[in-house]
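J.: 1247 is the number of the first residue of the sequence shown in our numbering; add one for each residue after it.
Glycine included, C-beta positions come from ideal geometry on N, C-alpha and C.
Computed from a predicted model, the values in this text were never measured in an experiment.
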Amino acid sequence: MVFRGILLGAMRRLQETNSDFNEHCSSKFTYTEDPNYGPFLVSVNGVAGDSAEHTYWELLVQTGENGPVIRPDVALLLLVPGILTEKAYGPNLIELTIVNSLSNAPNETYSADMVFRGILLGAMKRLQETNSDFKFTYTEDPNYGPFLESVNGVAGVNAEHTYWELLVQTGENGPVIRPDVGIGCYIPEPNDRIILKFTKW
């Protein structure tokens, strides 16, 4: 796994380079991409989850060599089939604020619908589809996942050391944090204020 890479990238690399991942099965692992929840693990070594039987692949992590086993609070490969749906839970509103710290442009604020336990990227896609004033582009890095390139026509430039930083104000008056994951894995809570800040590194 590359430094601070996503689990899905490491699994892809393992599948490509390690015949022992399962030498008897050509598929090794499969997943689908849900627009609201992100990657969903379908099968491992030919064994697939089944909605009718209420079976699925659960992601658990042992923290450290002898640490506890936890269920991570990230979107990667965690969708329980047939349980988490927009119809079942209804949308939640989050606030999305665009801040350009390198210009005098005023901040822009949008409200975005997000499904229960959905990923930020899904909410951003829905906002772009329903509000012509909000546009963004991203690329998919095989190791790190979605990388935000531009917002409302303003793009980061490596030569100028500019990029879009993801920040979150948790709750109405909570602290502003820098999440440990990006737009493809971050799961906003209702009433979070998502801040996309154009800045320099």
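Measuring straight from C-alpha to C-alpha, what distance separates residue 1359 and residue 1342?
T.: If I take the Cα positions, the gap works out to 10 Å.
J.: So, with DSSP's three-state summary, where would you put residue 1404?
T.: Helix.
J.: Give me the Cα-Cα distance between residue 1338 and residue 1436, rounded to the nearest whole angstrom.
T.: Approximately 6 Å, taken between the alpha carbons.
J.: Kindly indicate the opening and closing residues of the beta strand (DSSP E) around residue 1394.
T.: 1391-1397 is the span of the beta strand (DSSP E), which, as asked, contains residue 1394.
J.: Taking just the CA atoms, how far does residue 1296 sit from residue 1385?
T.: Going by the C-alpha atoms only, they are around 31 Å apart.
J.: Looking at the structure shown, is residue 1262 part of a helix, part of a strand, or coil, going by DSSP?
T.: Residue 1262: helix per DSSP, three-state reduction.
J.: Report the CB separation of residue 1442 from residue 1410 in whole angstroms; it is logged as a contact under 8 Å.
T.: Residue 1442 to residue 1410, Cβ: 5 Å. Contact.
J.: What residue range is occupied by the uninterrupted beta strand (DSSP E) comprising residue 1279?
T.: Note, residue 1279: beta strand (DSSP E), 1275-1280.
J.: Three-state secondary structure (DSSP) at residue 1417?
T.: It is coil, neither helix nor strand.
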